[in-house]
Amino acid sequence: MPDTPEDVSDDVTRPDRLFLVDGSGYIFRAYHSLPPMTRPDGTPVNAVLGFTNMLMKLLADMDAEHVAVIFDKGRRTFRTDLHPDYKGHRPEAPEDLVPQFPLIRDAVRAFNVACVELEGFEADDLIATYARQARDRGLAVTVVSSDKDLMQLVRDGVALFDPMKNRPIGPDEVHEKFGVGPDHVVDVQALAGDSSDNVPGVPGIGVKTAAQLITEYGDLETLLDRAGEIKQPKRRQNLTEYADQARLSRDLVRLRDDVDVPEPLSGFDVRPPEPEALRAFLVENGFKSVLARVEGDLIPKPEDGSAAAADPVAEAVQAEADYALVQDVETLRRWVAAAHEAGVVAVDTETDALSAMRGGLVGISLAVAPGQACYIPLAHVAGGTGQLALDGGDPAEAPRQIPLADCVAELKDLLLNPGVLKVGHNIKYDLHVLARVGLEVSPIDDTMVLSYVLDGTRLGQGTHGLDDLAKRHFDHAMIAFKDVCGSGKSQITFDTVTLKAALDYAAEDADYTLRLHRLFKPRLVEDRMVAVYETLDRPMVPLLTAMERAGIRVDPAVLKDLSKTFAARIGDLEDEIHRMAGHAFNIGSPKQLGEVLFDEMGLQAGRKSSKTGAKSTGADVLEDLAAQGHDLPARVLDWRQFSKLKSTYTDALVEDINPDTGRVHTTFGLTGTSTGRLSSNDPNLQNIPIRTEEGRRIREAFVAEPGHVLLSADYSQIELRLVAHVAGIKALKEAFDKGADIHAITASRMFGQPVEGMDPMLRRRAKAINFGIIYGISAFGLARQLSIPRGEAQAFIDAYFKEFPEILDYMEATKAEARQHGFVRTLFGRKCWTPGITDKNPTAKGLAERAAINAPIQGGAADIIKRAMIRVPGALTEAGLGARLLLQVHDELIFEVPEAEADDTAALVRRVMEGAATLSVPLVVDTGVAATWAGAH
DNA sequence: TACTTCACG
DNA sequence: GACGTACGTGAAGTAG
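Under the numbering used here, the very last position in the first sequence is 1554; numbers go up by exactly one each time.
Now the structure itself:
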């Protein structure tokens, strides 16, 4: 704060003051000072609020020119390297506190206060360093902390202030606590130790004795040198025996004041907060009372209505809804003009069917500002009872509506204008619908994708539906679709809804899409997710739309033929199984099958299901029984295979062929997975069988258009390569550089056998371990996979860690990262949330830990193939090639290619995919070309 | 709707 | 030392 003339007059000579705040100490006090509370999205914020209040009070009370808040960063410091047990017994931070750590740093920045932390050092060391630097420059330093470890810093020009007791701590208070002056605090602590921090000290010596000894001998070294003079025999012996331990303790306790600090002192000037940033922070965390307090003081108060526009986020929260029905071209033009003016418009379409590929356009809604939205009915039919009042028409006739062609003509420029951002919620759907009436849309943003990128699968955030987000972020209950159209059998289509109901429902969707956009877009920067959104997920939206629209040709004759074959096999197996059982039963019922196997036949049950405790009839159990020579379970396995193939694939896929296109159009999910992978549904084309001969035949039904071929290009071992890269595993990298059989090489290293003529059993084991590594290996899991005793599995794992020791560090570091932040990041910065990582239940915690280890690998691979997909269309166009990307199956891309271009396209696709990321190991892509998907592998 | 099973990476 | 697990998906079927 600038000095007023009055202040200056009586204190012209006082030195500048610097306040150094021990942020980590504040956090725990804040956390315990308030009961648990959450903001609307479920994020706990009690510590954030407590911290914010404490920070505001400090800023208001202190009289200083410079201030900074210093935090601990991570557990590992140079002290844990000196003494691994240091602070080793400290419990993990409470689960609901962990996600608040980053928010608390946001709070500091929101108040425009410098915020410092440094890997490898505790906050105390940074404080000591800054205090020394500031003192050297003649500043008066006040360290704000209740931590006794900081008492050693007290001297001329450096004071301590205890915010807990609200009192200064000077040399007298230090003496009271340690029995010596500040300059000998370290010596006393070195002798007395500290059980809570695992500082060993010297046995039998507490603070009192230590102070007495130091006072008598002067300092620790002198005391240790002259320990022989001490009269008490036990004490003399301990001081001699544990001298090195005392020295270690001194090194642990003594603060480093020579840290290479990340921020210069000059950045600590006291500055007023940026009003927008502060308001955004307070609004987002729901700190209304704080907002009310600072309005008009730290930040300007919005003067009703107009001034709210000064802050987009606040406006998104507060705006009243005002929705308009658009039934004539003149009105439509005014909305289009408003959209041009705003530069951002939310768009939502209403259709007469759920399917993106089939639904016909019924109406369009637009929002140009929070609360300001309209609905343009286009294909509503006669009948709705509420229509008369609004449009003055005859209820027996269709309501007054702009002809579709006119509306398309009016919207065309807007939707393609590069200066107007079109925002949708799951806009992929709308892009399909609008494409069918001849409307292209660009550029776009998608609030569903934004929500996914920002909040992913955080605690309880399984879904990114518009209704959920409106509730979570604005505490607003959206009109439910079923309240407008009903549900189940009596559901009506949207074109029969009254215009009034349609307006309320449809305009609200566009309105809240726009509001969410205002909320989310600034968070990309704050959460450091700009690159992931802009370079990975947003470009996927139009790309996936094109892939879904393209679909893949499926030959129904092949499928029907297979269905017949499978039906015959199923029938035969069923008869045989029933005969063996002595009676008919439903083989598809795990319950009935279990009774036949374990009760009637008296076979030994393998394991029980985890949820219900029923005896499992899973494939692994049946395989064991079959291996013991029992025929019935062997037949059941066959029966299951054919039933699965028939019901899930051959029968179902025929129904999924779009009669208009003769092709199957899946929907790709961009926001469903915890790792950044895509998903595929309706139908799922990412799990078409391949592992068995019979199943693989289903891929013969996936065919190219006449004159075309299918090209499959898949990454070889991409996840294992990523492990080698991110974990920096030297031996694994060398193996990949050699380019040979990676599993055989692994086996060779682990079992000390030459790669030539490797025993297939050893290779199989090495392969299982390589997979296990990707999954966050456990002896139990490996033992189960390989059907070997757990001890043997553990021995394999130990052998693996011995050959590839870096993997252990990676696993530990990843778990620590997950515990600290609640998420881990992929190579490209994507956050993968790790709920349960601090769970008390060891099973849940173990699951979360393995998931955390797997996420950067699986997610990194997902990022890489997305990069490749995004680069492919441009590369094809540039090369003048006519291929279309049809499908993605995690590490594989499938294209439909003009026959004559097959070789060129394969080479180009391979080049793009292999160059999609530069790692310390080569990326390798294999390609195959054939008339069917079966042949392209 | 919950659970089990199984198809894929 | 106990906990009771390999990571990530979606779909079909049974059972309640």
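C-beta: ideal position from N, C-alpha, C; glycine also.
Evaluate residue i with the Cβ neighbour count: other Cβ atoms within 10 Å of its Cβ, from every protein chain shown; 16 or more gives buried, anything less gives exposed.
i     : result
T966  : buried
N855  : buried
M1367 : buried
H649  : exposed
N663  : buried
L1214 : buried
L869  : buried
P917  : exposed
K1432 : buried
L1425 : exposed
N1559 : No answer is possible for residue 1559: it lies beyond the span of the chain, which begins at 618 and ends at 1554.
S762  : buried
Q769  : buried
Q989  : buried
E932  : buried
K674  : exposed
E1165 : buried
Return the CA-CA distance between residue i and residue j, expressed in angstroms with no decimal places.
i     : j     : result
A1383 : F695  : 37 Å
A1352 : I1391 : 17 Å
L1510 : R707  : 49 Å
A1551 : R1314 : 7 Å
A1469 : P1422 : 19 Å
V1340 : T655  : 37 Å
S1297 : E1143 : 31 Å
V1343 : C732  : 29 Å
V824  : D811  : 10 Å
P661  : L899  : 14 Å
A1396 : G1389 : 9 Å
D939  : D1121 : 10 Å
L767  : V760  : 8 Å
G1374 : T1363 : 14 Å
E790  : E858  : 33 Å
Q849  : V816  : 24 Å
V1541 : V1171 : 29 Å
F1319 : N729  : 59 Å
V930  : N902  : 12 Å
R1196 : D1456 : 50 Å
I1487 : L1161 : 10 Å
A1006 : K1117 : Confidence at A1006 is low in this model, with a pLDDT of 42, below 50, so the placement of that residue should be treated as unreliable; the coordinate-derived value is given next. Approximately 9 Å between the Cα atoms of the pair.
To which residues does DSSP link residue i through a beta bridge?
i     : result
L635  : H683 and V758
L1024 : The residue asked about is misnamed: residue 1024 is Cys in this sequence, not Leu. Per DSSP, none; premise fails for C1024.
P1297 : Checking the displayed sequence, the identity of residue 1297 turns out to be Ser instead of Pro. DSSP, once it has assigned bridges, lists F1285 as partnering S1297.
P785  : F778
E967  : G980
L1510 : A1330 and Q1505
T1544 : A1330
E912  : I916
A990  : Y940 and A984
V733  : I687
Between the Cα of residue i and the Cα atoms of the options, which residue gives the shortest distance?
i     : options                      : result
A1167 : R692, E1513, V1114 and G1036 : E1513
L895  : E912, I847, V870 and F645    : E912
V1114 : D1456, L872 and C1102        : C1102
P994  : A1185, E1518 and T968        : T968
I1335 : Q1475, H1200 and V1050       : Q1475
V1149 : E1495, S1227 and G1446       : G1446
V775  : Q750, N783, M781 and K782    : Q750
G1324 : A1500, A1022, E833 and F636  : A1500
Ordered list of beta strand (DSSP E) runs contained in the segment 663-728, each at least 3 residues:
683-687
- Which runs of the alpha helix (DSSP H) spanning at least 4 residues fall entirely within the segment 1214-1272, listed in chain order? 1236-1244, 1248-1261 and 1268-1272
### Query
Fully enclosed by the segment 1120-1208, which alpha helix (DSSP H) runs are 4 residues long or longer?
1155-1167 and 1173-1198
| said: Which runs of the beta strand (DSSP E) at least 3 residues long sit entirely within the segment 1029-1117? Give them in chain order. | reply: 1038-1041 and 1061-1063
Ignoring anything shorter than 4 residues, give me the alpha helix (DSSP H) runs that lie fully in the segment 1396-1466, in order along the chain. 1396-1403, 1407-1420 and 1423-1438
Start-end ranges of the beta strand (DSSP E) lying completely within the segment 776-855, minimum 3 residues: 784-786
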